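Working notes, structure below.
Number of protein chains: 4
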Amino acid sequence: MTVRIGVIGTGAIGRDHARRINQVLGGAEIVALSDVNRASAEAVKKDIAPEAMVFETGEALIASPDVDAVLVTSWGATHEQYVLAAIAAGKPCFCEKPLATTAEGARRIVEAEVTHGKRLVQVGFMRRYDAGYIALKKVVGTSIGAPIMVHAAHRNPSVPEQYVTPMAIHDTMIHEIDVLRWLLDDDYVSARVIFPRSAARSHAKLRDPQIVILETAKGMVIDVEIFVNCHYGYDIRCEVVGEDGAASLPEPMAVQMRLDARLQNRILTDWKDRFIESYDVELQDFIHAAARGTAAGPNSWDGYVAAITSDACVAAQEKEGEIVPINLPARPALYN
Amino acid sequence: MTVRIGVIGTGAIGRDHARRINQVLGGAEIVALSDVNRASAEAVKKDIAPEAMVFETGEALIASPDVDAVLVTSWGATHEQYVLAAIAAGKPCFCEKPLATTAEGARRIVEAEVTHGKRLVQVGFMRRYDAGYIALKKVVGTSIGAPIMVHAAHRNPSVPEQYVTPMAIHDTMIHEIDVLRWLLDDDYVSARVIFPRSAARSHAKLRDPQIVILETAKGMVIDVEIFVNCHYGYDIRCEVVGEDGAASLPEPMAVQMRLDARLQNRILTDWKDRFIESYDVELQDFIHAAARGTAAGPNSWDGYVAAITSDACVAAQEKEGEIVPINLPARPALYN
Amino acid sequence: MTVRIGVIGTGAIGRDHARRINQVLGGAEIVALSDVNRASAEAVKKDIAPEAMVFETGEALIASPDVDAVLVTSWGATHEQYVLAAIAAGKPCFCEKPLATTAEGARRIVEAEVTHGKRLVQVGFMRRYDAGYIALKKVVGTSIGAPIMVHAAHRNPSVPEQYVTPMAIHDTMIHEIDVLRWLLDDDYVSARVIFPRSAARSHAKLRDPQIVILETAKGMVIDVEIFVNCHYGYDIRCEVVGEDGAASLPEPMAVQMRLDARLQNRILTDWKDRFIESYDVELQDFIHAAARGTAAGPNSWDGYVAAITSDACVAAQEKEGEIVPINLPARPALYN
Amino acid sequence: MTVRIGVIGTGAIGRDHARRINQVLGGAEIVALSDVNRASAEAVKKDIAPEAMVFETGEALIASPDVDAVLVTSWGATHEQYVLAAIAAGKPCFCEKPLATTAEGARRIVEAEVTHGKRLVQVGFMRRYDAGYIALKKVVGTSIGAPIMVHAAHRNPSVPEQYVTPMAIHDTMIHEIDVLRWLLDDDYVSARVIFPRSAARSHAKLRDPQIVILETAKGMVIDVEIFVNCHYGYDIRCEVVGEDGAASLPEPMAVQMRLDARLQNRILTDWKDRFIESYDVELQDFIHAAARGTAAGPNSWDGYVAAITSDACVAAQEKEGEIVPINLPARPALYN
């Protein structure tokens with residue numbers, strides 16, 4: 001069976017996912033497109049999905065009987081409405097980050113899905129599909145004893161002027177928030193943020209770098225360095241320390257060179273290259289589950305928890321150095 | 001357009017390629033199956049390709065108007081006849097190693113394809129699709145100056161009793177023969193083989209390890225250690241030394257652990273895991289080219305050259321330590 | 001000129017330093033020994049320094065006209081009195097950690113040395129003489145831009161029952177306290193300590209691991225994981241993150257092995273092996289300076305600052321998670 | 001006891017060894033100097049050994065009753081005569097490479113020492129004292145099973161015009177010849193040399209790089225890449241492959257940097273830095289043995305075998321690709 005997919009939002013990421021589905025992955029095809037800018041949808045139709053129908057609205061696309069499943073890759077502020085509509089229509093829905101722009105919005109999605117009674121939503125936390133994190137999770141669960149601490153870093157070469165301090169949480173740290181919870185199979189109970197002096201390459205509205213410290217229900221302590229003007233490259237690091245040993249996220253594959261008096265490997269500089277293969281894998285997982293009328297991978301609850309945790313981290317930025325508790329509601333049985 | 005593929009030979013590799021095409025890759029579907037053991041083809045139909053038709057013979061499958069392209073994954077001795085039939089039918093054909101069991105057979109395929117006037121054959125040298133070799137080739141072509149030497153090793157934990165000395169060339173070294181030629185964009189002019197004492201884990205009919213030394217038309221010297229009873233793991237290594245520096249094939253991605261007084265990464269032990277992703281990529285390349293009615297990647301000429309070189313290496317085993325010239329005919333223009 | 005050295009305290013470390021001076025290093029000889037347990041001093045005389053005189057008291061040894069310089073390697077509580085006596089006698093003095101058991105005691109030594117008007121004291125912070133830290137300091141000062149953060153870890157396989165929580169500062173973290181200050185050329189302004197759940201291998205009177213966070217006058221933030229029951233090995237790590245890049249303390253030299261499906265290096269398990277060469281270098285530095293009637297390397301002020309910082313860290317352990325300010329008096333000109 | 005040492009030949013290496021003995025190492029002092037250029041000896045006296053006596057000839061220095069042991073660091077062609085004189089005088093003698101400029105000369109030294117009946121000569125093969133090779137030898141003897149192959153490389157950034165092809169053996173490969181024999185506890189039985197095309201940075205009288213293949217009495221095969229115009233750095237590599245696994249010479253300690261989109265370590269460029277610490281250790285070993293009236297470490301027989309092997313390798317260069325047997329006389333009992 002070929003899953004017939006509609007894409008709502010045909011900007012860079014929507015276009016790229018359409019390409020994946022039509023040209024790289026098996027089991028699905030793009031049959032419908034919609035964008036607030038109709039020309040954008042038409043362009044994707046022309047370049048990638050000539051047989052797709054272009055819809056005036058996301059809601060119309062979702063309602064179409066020719067559409068089996070939906071990709072929500074529109075502007076973040078519109079995610080909630082489309083995901084709710086997809087749930088109402090009983091159609092599997094892949095939603096890019098964020099699930100909603102507020103924790104409250106994410107909660108509404110959780111409630112709608114719980115009411116529906118079956119998983120329909122996958123949130124676009126692609127790191128869970130990265131081969132490195134998957135390998136690390138396997139080692140953490142089998143080889144190093146129960147984990148106690150995590151030391152992580154999220155480094156990015158530079159950011160534009162409009163990137164301000166809270167975005168270090170909402171746009172950057174959000175990935176660690178989700179993937180570390182999954183990696184450790186645990187929940188956060190508090191956050192605090194410590195700011196060193198800002199880097200010279202930062203700007204007036206951005207305190208950069210920062211160190212976010214999370215504590216978990218099982219008593220783990222996680223420190224995450226967020227440094228978005230680190231200059232030298234895009235570099236994601238993660239070491240888990242357990243009762244018996246420590247394990248580190250693999251470095252990306254690289255050719256080792258002996259050149260110019262240096263033993264050297266390339267470090268990536270563009271975040272788009274770092275997890276590029278995991279986008280394929282996450283969408284394949286979506287297609288497989290959608291073919292069965294459901295969804296797999298990161299769920300609405302994960303999106304909701306990420307939203308609550310992000311809000312706490314932003315509060316912790318404002319209360320520099322102070323501990324901010326993270327209180328989660330009870331997890332619905334659907335997500336166990 | 002969906003490429004309709006027929007598979008001739010539904011043993012382990014044929015079944016696995018069928019799975020790739022129907023479940024992992026986009027752009028193609030399995031529509032026909034054939035195997036000398038019909039039950040095997042029926043089993044693949046049942047498990048993977050329920051809509052495929054089972055043919056009595058490979059020739060009938062090739063002749064079917066429902067088949068756009070052919071995978072030859074049958075017993076090696078039958079490859080030549082099916083590839084020749086596919087060329088005669090003007091259908092793109094992916095053929096697993098070896099292209100033919102003799103250099104003479106490979107030559108006949110080259111001649112048939114040249115007569116046909118268009119590329120139709122891709123040989124299953126999957127290493128050319130490995131991300132590590134691709135990254136190495138890029139560096140070799142841009143960063144380390146013109147290459148002068150290659151130091152390589154092909155290590156395998158153990159082999160069964162029926163693996164005898166010439167198989168170290170035909171089944172093992174064959175991969176280095178193809179991939180190094182491609183990596184260096186060069187041709188071999190001679191081979192010699194040096195045998196150390198055999199390892200204790202070898203057996204009476206196998207001299208293992210061995211060092212194969214190849215010289216190229218451009219004056220490069222390549223040494224390849226073949227050690228198929230190395231015990232510790234499946235390990236493929238390759239360092240290219242150029243005018244300005246050296247570059248090494250990346251190690252497979254692995255979690256670094258600090259455990260038991262050891263800083264340690266896992267080494268693979270099963271060859272099937274080492275290049276597993278490259279099988280996906282090579283078949284995707286085949287599908288893309290087949291959709292255009294042609295073939296890409298390693299061609300018949302490459303298969304022919306590999307056969308000639310293998311024969312020279314086996315002769316060099318017999319003449320232990322002596323130099324054996326490798327004489328290639330002129331390369332037809334089709335393969336430039 | 002050969003520097004004539006007297007050793008006060010001939011336990012394990014005193015004996016080992018005597019061996020260094022008489023058997024490994026040039027420029028000095030052991031001429032005098034003293035220990036509260038005279039038999040211990042006699043044993044060192046017999047085994048290592050047959051021509052040395054054994055003195056009843058450290059004070060008598062210091063007073064002897066045959067002694068040019070003094071090594072204080074006695075029980076920690078006695079360090080202050082011997083160092084003060086050496087200063088009073090105007091003799092160069094190498095004092096093992098701690099310089100004094102209280103910050104107050106260290107301050108008295110600083111005052112005495114300042115009054116004397118010339119450096120006479122070297123404190124046994126041997127990490128400053130480790131080739132790895134020296135190489136790291138060079139890179140930090142030249143290649144990675146001004147430093148902003150440090151991520152460090154001090155891991156030890158196991159500790160005995162009598163090792164209690166404050167010892168994680170006084171006996172373990174003390175090394176990072178000194179060496180990071182030197183590495184960064186900065187002073188601490190605050191400390192806080194965060195405790196994850198304790199490791200199963202810890203015991204009732206020890207919270208282990210812990211994360212100590214130090215802030216510096218220049219606005220750097222340093223996090224140090226102290227984990228003294230880490231089980232897997234003795235492992236010292238340090239990454240400095242600067243404006244332009246990051247640099248890590250070299251791993252100790254180790255043979256890389258491919259064995260048992262693992263790419264592996266040995267990790268040390270005994271702290272005595274980790275900085276063993278730096279003891280030679282620090283004593284050689286002492287000898288060279290003593291030959292000129294003065295002292296080099298870590299000075300009394302460094303010992304005093306380490307004592308103040310340690311006290312703050314222990315207070316920070318007690319005030320779990322709260323920030324504890326570190327106030328240093330003005331640095332006397334002698335130490336600029 | 002302080003060993004009184006005389007130095008014959010006060011050029012760069014002689015001066016440096018004099019500095020080691022007087023300023024770094026314990027247990028010895030320079031009491032005598034001699035050089036064909038007396039001003040050179042006077043300069044070393046002035047700078048390093050003010051209490052040393054300057055002798056007109058090496059023979060007079062050796063004969064002096066004030067001299068306990070001798071360092072021969074003069075021009076290579078004079079080594080034999082001074083070593084023979086030291087043996088005749090019954091004085092321990094450290095001789096820099098080569099022991100003699102011909103195998104015949106080395107044989108005469110062996111015979112003289114055997115006649116004397118006690119070891120008196122240490123040859124300056126400093127790699128045996130390198131911590132990396134020592135660690136590798138330990139692993140080879142305990143962890144990887146009986147060795148079967150060695151892959152080695154000796155790379156140097158550049159050489160002057162006067163460095164001609166045979167010097168790649170006599171000045172460069174000579175180190176591998178000695179250290180691999182020691183590492184493997186084996187003797188060579190044949191040599192052959194294979195030349196790739198020469199590097200563009202080579203010159204008319206130098207074929208560079210080259211691959212030297214040695215076979216041993218135990219059936220091991222060793223390949224050594226010699227590349228003296230490799231441009232990128234001074235780089236010594238050695239991998240031993242055994243029955244159970246493989247082990248590699250440690251890379252020199254280096255700070256790992258993340259900088260300029262590169263994960264990078266420095267590679268040395270000057271050979272003098274690579275084994276600098278091993279010079280200290282070899283001379284300390286000489287001093288310790290000399291204090292007992294004998295010599296330790298690499299002996300005259302080792303020097304003789306190195307000379308015979310070098311001669312065979314040069315012959316193998318001339319007979320490009322052909323096998324040249326290496327026939328050693330019986331080893332005198334003194335060297336077992």
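Going down the list, the sequences are from chains H, B, S and V. Using our numbering, read the first sequence as starting at 1 and increasing by one per residue. Using our numbering, read the second sequence as starting at 1 and increasing by one per residue. Using our numbering, read the third sequence as starting at 1 and increasing by one per residue. Using our numbering, read the fourth sequence as starting at 1 and increasing by one per residue. Ideal placement from N, C-alpha and C gives every residue a C-beta, glycine not left out. Remember, predicted model here, so these are calculated numbers, not experimental data.
Apart from the five residues on each side of it in sequence, which residues of its chain come closer than 8 Å, Cβ to Cβ, to residue i?
i, result
"TYR304 (chain B)", "LEU99, ALA103, ALA106, ARG107, ILE109, VAL110"
"GLY132 (chain V)", "LEU249, PRO250, PRO252"
"ARG127 (chain V)", "TYR133, HIS175, ASP178, VAL179, PHE275, SER278"
"ALA296 (chain H)", "ARG119, GLN122, ASP285, PHE286, HIS288, ALA289"
So what does residue i bridge to, in DSSP terms?
i, result
"SER248 (chain S)", "S:GLU239, V:GLN256"
"ALA153 (chain V)", "V:GLU225, V:ARG237"
"VAL53 (chain S)", "Position check: residue 53 (chain S) holds Met in this sequence, whereas Val was assumed. According to DSSP, which records beta bridges pairwise, MET53 (chain S) is partnered with S:ALA32."
"ARG262 (chain S)", "B:ARG266, S:LEU259"
"PRO5 (chain H)", "For the sequence presented, residue 5 (chain H) should be read as Ile rather than Pro. DSSP lists H:ILE30, H:ALA69 as partners of ILE5 (chain H)."
Residues of chain V with a CB under 7 Å from the CB of residue i: which are they?
i, result
"ARG274 (chain H)", "Near ARG274 (chain H) there are no residues of chain V at all, since even the closest Cβ is about 13 Å away, more than 7 Å."
"GLY132 (chain S)", "MET253"
What does residue i reach in chain H if we use C-beta pairs closer than 7 Å?
i, result
"ASP244 (chain B)", "LEU259"
Alpha carbon to alpha carbon, what distance is there between residue j and residue i?
i, j, result
"PRO65 (chain H)", "TYR129 (chain H)", "30 Å"
"PHE174 (chain V)", "ILE287 (chain V)", "Here the sequence assigns Ile to residue 174 (chain V), which means Phe is not the residue at that position. Answer to the nearest angstrom: the Cα atoms are 24 Å apart."
"HIS79 (chain V)", "LEU71 (chain V)", "10 Å"
"LYS137 (chain H)", "MET167 (chain H)", "27 Å"
"SER34 (chain H)", "LYS97 (chain H)", "18 Å"
"ARG258 (chain B)", "VAL212 (chain S)", "22 Å"
"ALA86 (chain B)", "ALA52 (chain H)", "35 Å"
"ASN229 (chain V)", "LYS218 (chain B)", "19 Å"
"GLN23 (chain H)", "LYS46 (chain H)", "14 Å"
"THR43 (chain B)", "ARG19 (chain B)", "The question names Thr, but residue 43 (chain B) is Ala in the sequence shown. Cα-Cα distance, rounded: 12 Å."
"ASP280 (chain V)", "ARG207 (chain S)", "44 Å"
Determine the contact status of residue i and residue j, defining contact as a CB-CB distance below 8 Å.
i, j, result
"ILE169 (chain V)", "ASP244 (chain V)", "no"
"LYS91 (chain S)", "LEU61 (chain S)", "no"
"TYR234 (chain H)", "ASP270 (chain H)", "yes"
"ARG201 (chain B)", "SER158 (chain B)", "yes"
"ILE236 (chain H)", "GLN210 (chain H)", "no"
"GLY321 (chain B)", "ARG192 (chain B)", "yes"
Leaving out five residues before and five after residue i in sequence, what residues of the same chain have Cβ atoms less than 7 Å from its Cβ?
i, result
"HIS203 (chain H)", "GLU161"
"LEU328 (chain B)", "ASP187, VAL305, ILE308"
Once you ignore the five residues that flank residue i on each side, which residues in its own chain have a CB closer than 6 Å to its CB?
i, result
"LEU84 (chain V)", "ALA112"
"VAL241 (chain H)", "ILE148, MET149"
"GLN256 (chain V)", "ASN265"
"TYR82 (chain H)", "ILE8, GLY58, VAL72"
Chain H partners of residue i, CB-CB under 8 Å?
i, result
"TYR232 (chain S)", "ASP244, GLY245, ALA246"
"ARG201 (chain S)", "GLU243"
List the residues of chain V whose Cβ lies closer than 8 Å to the Cβ of residue i, in chain order.
i, result
"VAL139 (chain S)", "VAL255, MET257"
What does residue i reach in chain B if we use C-beta pairs closer than 7 Å?
i, result
"GLY219 (chain V)", "PRO196, ARG197"
"ILE213 (chain V)", "ILE194"
Identify the contact partners of residue i in chain B, using a Cβ-Cβ distance below 9 Å as the criterion.
i, result
"ILE148 (chain V)", "PRO196, ARG197, SER198, ALA199, PRO209, PHE227"
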